[in-house]
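Visitor: Residue numbers 28 to 463, in my numbering, belong to the letters of the sequence shown in order. The C-beta atom is built at its ideal place from N, Cα and C for all residues, glycine as well.
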Amino acid sequence: MKIAVVGTGYVGLVTGTCFSETGNEVTCIDIDQAKVDSLKKGKITIYEPGLEPIFDRNRKDGRLKFTTDLAEGIKEAEVIFLALPTPPGEDGSADLKYILGVADQIGKVLDHYAVIVDKSTVPVGTAEKVHAKIAANAKVEFDVVSNPEFLREGVAVEDFMKPDRVVVGTSSDRAKAIMERLYAPLVRQGNPIIFMDERSAEMTKYAANSFLAMKITFMNEMANLCELAGANVDNVRKGIGTDSRIGKRFLFPGIGYGGSCFPKDVQALGKTAQEFNYDFKILKSIMLVNEKQKVKLIPQVKEYFNGDLKGKTIALWGLAFKPYTDDIREAPSLYNIKALKRAGAKVVVFDPEAMNNVKKEVGKKVKYASNMYEALEGADALMIMTEWPEFRTPDFSKMKDKLKNKVIFDGRNLYDLHEIKAQGFEYYSIGRETVK
Ligand code: UDX
28 MKIAVVGTGY
38 VGLVTGTCFS
48 ETGNEVTCID
58 IDQAKVDSLK
68 KGKITIYEPG
78 LEPIFDRNRK
88 DGRLKFTTDL
98 AEGIKEAEVI
108 FLALPTPPGE
118 DGSADLKYIL
128 GVADQIGKVL
138 DHYAVIVDKS
148 TVPVGTAEKV
158 HAKIAANAKV
168 EFDVVSNPEF
178 LREGVAVEDF
188 MKPDRVVVGT
198 SSDRAKAIME
208 RLYAPLVRQG
218 NPIIFMDERS
228 AEMTKYAANS
238 FLAMKITFMN
248 EMANLCELAG
258 ANVDNVRKGI
268 GTDSRIGKRF
278 LFPGIGYGGS
288 CFPKDVQALG
298 KTAQEFNYDF
308 KILKSIMLVN
318 EKQKVKLIPQ
328 VKEYFNGDLK
338 GKTIALWGLA
348 FKPYTDDIRE
358 APSLYNIKAL
368 KRAGAKVVVF
378 DPEAMNNVKK
388 EVGKKVKYAS
398 NMYEALEGAD
408 ALMIMTEWPE
418 FRTPDFSKMK
428 DKLKNKVIFD
438 GRNLYDLHEI
448 KAQGFEYYSI
458 GRETVK
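Written out as structure tokens, the structure is:
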């Protein structure tokens with residue numbers, strides 16, 4: 028099948044590359060000339076494990092092409108994916124200017140029937156808006172379909188190739204048949220394509236992300252209560268996660284969720300509710316709790332140093348919003364850096380992948396260590412922000428040699444309480460007793 032993907036950001040590039048892997052002829056389109064040049068030369072523009080080899084192979088085999096020319100890119104394409112940014116506008120609602128701008132252009136140049144697919148996360152009613160925009164100029168028949176993505180950064184290729192489900196919102200049988208054919212290789216193992224109307228598909232994406240954000244947030248509040256009540260949230264997590272109605276996943280408490288999706292989507296769903304005059308109370312709580320949770324350890328750090336962080340050096344392990352990514356969007360680490368600096372502390376940071384992004388964002392306000400132990404050299408305390416595997420089994424003796432005080436503030440519950448006690452650390456984590 029011949030397909031086009033407009034937008035070569037994270038979602039677009041994964042979508043285009045993976046569809047070329049299943050044998051389609053894919054053209055990715057972007058207005059950014061430098062990006063397109065780099066992709067044409069075989070230089071991948073995002074960090075995503077497992078993507079590069081399939082990107083290379085399909086590009087070399089001529090199944091994956093790049094252009095800045097929309098008309099050329101969508102020529103003969105049966106399916107045209109829109110994978111464009113939907114940044115939150117000032118009021119928190121998703122800004123559709125990029126999507127509607129491209130829809131307008133498509134309407135002007137489309138010369139054959141095509142299925143135009145909203146892949147970006149877009150609010151309810153967007154498929155209708157995109158349809159109207161294209162219809163204003165189009166001289167040919169077309170359908171607009173909503174097909175939200177559920178990719179997790181770090182495992183996006185696997186999520187794409189073996190999806191739990193594919194959601195397709197369309198009221199056209201013709202479009203349905205085409206989408207069924209396109210996705211057939213990905214749902215062979217029996218995972219369903221769920222067809223529904225466009226509005227429900229759009230709502231499904233927000234419901235999924237907000238529900239997951241709620242699950243995490245519930246556990247974060249549970250953890251805070253466990254600390255006060257003398258319970259251990261890890262035990263509670265295991266105790267409830269084994270109930271198949273609850274499920275084991277997304278129950279790990281910590282210093283809040285971040286990333287490019289959850290914060291934005293919870294806010295946007297709240298905005299949608301507001302538009303329909305519905306007071307969606309739980310969404311407001313999720314956002315409030317998460318903001319507080321991100322800097323939950325700061326008061327404990329301050330208390331440890333008797334309320335005065337001036338001149339103290341705090342080492343941070345982990346900057347990315349989660350492991351296996353260099354993404355720092357809405358990362359708890361950034362909020363902690365800000366809070367520590369505001370309190371007069373010096374900050375030295377280390378992350379296996381996200382250092383460059385933090386350099387761009389934070390600049391010289393913090394020091395950058397070249398490895399996890401160097402960050403501890405002469406530091407007064409360690410804070411852990413991201414659960415990278417290399418932080419899980421560190422050389423504790425080396426840590427003790429380098430740190431001025433044997434104290435760890437762990438926002439990701441990496442260590443066993445008995446072990447940390449045996450190692451002689453003072454240890455603060457989330458929802459568990461403090462080891463002193
Ligand atoms: C998420 C959705 O999972 C994905 O389906 C959607 O398409 C995009 O948004 P992603 O942002 O890549 O994906 O990250 P995810 O792995 O879902 O984690 C989100 C945040 O939740 C991270 O900050 C992570 O640290 C946090 N989290 C996750 C927890 O705090 N506890 C958990 O148990 C799980």
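Do three or more CB pairs link the segment 47-66 to the segment 87-104 at distances below 8 Å?
Guide: yes
Visitor: In three-state DSSP terms, what is Ala366?
Guide: helix
Visitor: Contact between the segment 159-174 and the segment 189-209: three or more CB pairs below 8 Å?
Guide: yes
Visitor: Would you tell me roughly how many angstroms separate the C-alpha atoms of Ala300 and Asp428, rounded to the nearest one?
Guide: 54 Å
Visitor: For Ala235 and Asn432, what's the separation of their Cα atoms in angstroms?
Guide: 43 Å
Visitor: In this structure, what does DSSP give as the bridge partners for Gly196?
Guide: Ser173 and Met223
Visitor: Going residue by residue through the segment 380-438, where are the continuous beta strand (DSSP E) segments of at least 3 residues, counting only ones entirely within it?
Guide: 408-411 and 434-437
Visitor: Does the Cβ of Gly405 lie closer than 7 Å to at least one heavy atom of the ligand UDX?
Guide: No, since every heavy atom of the ligand UDX falls outside the 7 Å radius drawn around the Cβ of Gly405.
Visitor: Asn317: beta carbon under 7 Å from a heavy atom of the ligand UDX?
Guide: no
Visitor: Taking C-beta to C-beta, are Ile411 and Trp344 nearer than 8 Å?
Guide: yes
Visitor: For chain C, check one thing: does any of its Cβ atoms lie closer than 8 Å to the Cβ of Tyr233?
Guide: Considering every chain present, this structure includes no chain C. It has just one protein chain.
Visitor: Could you give the first and the last residue of the continuous beta strand (DSSP E) run that contains Leu343?
Guide: Thr340 to Trp344
Visitor: Could you check whether the Cβ of Cys253 sits closer than 7 Å to any heavy atom belonging to the ligand UDX?
Guide: Not under cutoff, so the answer is no.
Visitor: So, helix, strand or coil for Lys323, using DSSP?
Guide: coil
Visitor: According to DSSP, is Leu66 helix, strand or coil?
Guide: helix
Visitor: Is Gly281 near the ligand UDX, judged by its Cβ being under 7 Å from some heavy atom?
Guide: yes
Visitor: Beta carbon of Asn363: closer than 7 Å to some heavy atom of the ligand UDX?
Guide: no
Visitor: By how many angstroms is the C-alpha of Asp422 removed from the C-alpha of Asp88?
Guide: 46 Å
Visitor: Alpha carbon to alpha carbon, what distance is there between Phe303 and Asp83?
Guide: 46 Å
Visitor: For Val167, which of helix, strand or coil comes out of DSSP?
Guide: coil
Visitor: Less than 7 Å separating the Cβ of Lys278 from some heavy atom of the ligand UDX?
Guide: Going by the sequence as given, residue 278 is Leu instead of Lys. Leu278: yes, Cβ under 7 Å from the ligand UDX.
Visitor: If you drop the 5 nearest sequence neighbours on each side, which residues of the same chain put their C-beta closer than 7 Å to that of Lys244?
Guide: Position check: residue 244 holds Thr in this sequence, whereas Lys was assumed. Ile313, Val316 and Asn317.
Visitor: How close, in whole Å, do the beta carbons of Met28 and Glu105 come, if the pair is a contact with beta carbons under 8 Å?
Guide: 5 Å
Visitor: Return the first residue and the last residue of the beta strand (DSSP E) that Asp145 is part of.
Guide: Ala141 to Asp145
Visitor: According to DSSP, is Leu93 part of a helix, a strand, or is it coil?
Guide: The amino acid occupying residue 93 in the given sequence is Phe; Leu does not appear at that position. Correct three-state label for Phe93: strand.
Visitor: Using the C-alpha atoms, what's the distance from Met241 back to Arg179?
Guide: 17 Å
Visitor: Out of Arg459, Asp145, Asn262 and Val182, which one is the CA nearest neighbour of Lys232?
Guide: Asp145
Visitor: At a cut-off of 7 Å, would you count Glu248 as near the ligand UDX, judging by its Cβ distance to the nearest heavy atom?
Guide: no
Visitor: Starting from Cys45, trace the alpha helix (DSSP H) in both directions and tell me its first and last residue.
Guide: Tyr37 to Glu48
Visitor: Is Arg272 near the ligand UDX, in the sense that its beta carbon is under 7 Å from a heavy atom of that ligand?
Guide: no
Visitor: Using the beta-carbon count (16 or more within 10 Å), is Tyr454 buried or exposed?
Guide: Label assigned to Tyr454: buried.
Visitor: Would you report the Cα separation of Val293 and Pro416, rounded to the nearest angstrom?
Guide: 28 Å
Visitor: So Leu109 and Val136 are supposed to be a Cβ contact under 8 Å. How far apart are they, rounded?
Guide: Contact between Leu109 and Val136 does not hold, since the beta-carbon distance rounds to 14 Å and is not under 8 Å.
Visitor: So Ala163 and Gly181 are supposed to be a Cβ contact under 8 Å. How far apart are they, rounded?
Guide: Contact flag wrong, Cβ pair sits at about 40 Å.
Visitor: Roughly how many whole angstroms lie between the Cα atoms of Gln327 and Tyr305?
Guide: 38 Å
Visitor: Looking only at DSSP bridge pairs, what is Thr54 linked to?
Guide: Ala31 and Lys92
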